[in-house]
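Quick notes on the structure that follows.
2 protein chains.
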Amino acid sequence: MVSEDAAALFRVLSNSDRLDVIRALVEAGPDGMSAGDIGRKIGASPSRTSFHLNALSETGFLQKERQSRNLNYRINFKTIGALITFLMEDCCKGSSELRNCCTMR
Amino acid sequence: MVSEDAAALFRVLSNSDRLDVIRALVEAGPDGMSAGDIGRKIGASPSRTSFHLNALSETGFLQKERQSRNLNYRINFKTIGALITFLMEDCCKGSSELRNCCTMR
DNA sequence: ATCTTATTTCAAGAGCTGTTGAAATGAAAG
DNA sequence: CTTTCATTTCAACAGCTCTTGAAATAAGAT
Chain C
518 MVSEDAAALF
528 RVLSNSDRLD
538 VIRALVEAGP
548 DGMSAGDIGR
558 KIGASPSRTS
568 FHLNALSETG
578 FLQKERQSRN
588 LNYRINFKTI
598 GALITFLMED
608 CCKGSSELRN
618 CCTMR
Chain R
518 MVSEDAAALF
528 RVLSNSDRLD
538 VIRALVEAGP
548 DGMSAGDIGR
558 KIGASPSRTS
568 FHLNALSETG
578 FLQKERQSRN
588 LNYRINFKTI
598 GALITFLMED
608 CCKGSSELRN
618 CCTMR
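If you read the protein sequences in the order shown, they are chains C and R. Under the numbering used here, the residue at position 28 of the first sequence is numbered 545, and the numbers go up by one with no gaps. Under the numbering used here, the residue at position 57 of the second sequence is numbered 574, and the numbers go up by one with no gaps.
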């Protein structure tokens with residue numbers, strides 16, 4: 518991935534409302550949540566919520582689908598995964614020192 | 518990590534010059550590089566380079582040390598590691614689906 | 001002391017980002 | 001077909017970010 522594309526994805530994650538949306542949707546699981554419920558959960562107005570949901574789904578972090586009156590959003594792990602892979606493999610060349618800094622498993 | 522702190526770290530990564538600095542310093546290894554050499558490598562003016570180096574070292578992505586006339590910068594993997602851990606464990610609750618999206622090892 | 005090299009700091013300006021509240025759109029219910 | 005509910009879109013605005021070029025600081029060489 519070129520630096521410009523990775524930078525654009527990191528910019529989307531550089532906002533705490535948007536990180537809170539991701540947390541809420543990870544918790545919600547495969548059923549996802551409606552825009553209204555997400556807004557209520559993160560404590561943001563409808564237009565503010567919509568602004569952030571748009572930034573997230575435009576860049577592939579979320580997928581949306583209309584369900585009668587509601588718009589239902591759910592997480593798409595592929596984009597986050599691509600970003601983690603970019604950091605570890607592309608940017609840091611698979612550094613074992615970095616791997617030791619990630620407390621996983 | 519709270520969302521605000523993670524967002525601030527992601528913001529630092531949301532610029533392609535800064536990602537290029539990280540790439541250059543990963544490549545340079547433990548000896549690091551001087552500010553001037555970094556600037557030449559990424560093709561940025563001295564003040565522009567300094568601006569980005571400051572953003573990176575202020576937030577712990579880099580460490581700096583004066584070596585006579587030069588300021589030598591080297592990568593600190595801990596901050597990137599903390600961010601990857603945040604994404605995988607904190608934000609995405611260790612999701613195995615996410616783990617499968619990260620092409621590693 | 002003065003000069004040169006390396007780097008940072010500063011002020012100005014252009015452009016981007018996020019918030020607000022109001023208006024528009026979309027879909028179902030009465 | 002009007003009302004209600006859910007959500008997005010829009011315009012305005014404040015604040016932040018990045019770039020530029022010039023001036024300041026820091027350190028070593030002459």
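C-beta: ideal position from N, C-alpha, C; glycine also.
*CB contact below 8 Å: Ala545/C versus chain R*: no
_Determine whether the beta carbon atoms of Cys609/C and Leu615/C lie at a separation below 8 Å._
yes
*Return no unless some Cβ of chain C is closer than 8 Å to the Cβ of Lys581/R.*
no
*Cα-Cα separation, Val538/R to Pro547/C*: 38 Å
*Work out the CA separation of Ile592/R and Gln580/R for me, nearest whole Å.*
6 Å
_Interface residues of chain C facing Asp537/R [CB-CB closer than 8 Å]_ = Ser520
_Residue range of the unbroken alpha helix (DSSP H) whose run includes Lys558/R_ = 552 to 559
_Amino acids of chain R, ordered along the chain, whose beta-carbon sits closer than 8 Å to that of Lys558/C_ = Neighbours of Lys558/C on chain R: none; closest Cβ ~13 Å, over 8 Å.
*Which class does Lys610/R belong to by DSSP, given the choice of helix, strand or coil?*
coil
*Runs of beta strand (DSSP E) lying entirely within the segment 577 to 610 of chain C, each at least 3 residues, in chain order*: 579 to 584, 587 to 592
_Exposure label - Ser531/R; buried when at least 16 CB within 10 Å_ = buried
_Neighbour flag for Ile597/R against chain C, beta carbons, 8 Å_ = yes
*Exposed or buried, which one is Arg583/R when buried takes at least 16 other CB atoms within 10 Å?*
exposed
*Under a Cβ-count criterion, where at least 16 other Cβ atoms within 10 Å of its own Cβ denotes burial, should Thr566/R be classed as buried or exposed?*
buried
*How would you call Val519/R, buried or exposed, if buried means at least 16 neighbouring beta carbons within 10 angstroms?*
exposed
*asked:* Would you say Ala572/C lies against chain R (beta-carbon separation less than 8 Å)?
replied: no
_Would Thr620/R and Met621/C qualify as a contact pair, given that the criterion is a beta-carbon distance under 8 Å?_
no
*How should Ala525/R be labelled, buried or exposed, when 16 other C-beta atoms within 10 angstroms of its C-beta is the threshold for buried?*
exposed
*Three-state secondary structure (DSSP) at Cys618/R?*
helix
*How is Ser562/R classed by DSSP in three states: helix, strand or coil?*
coil
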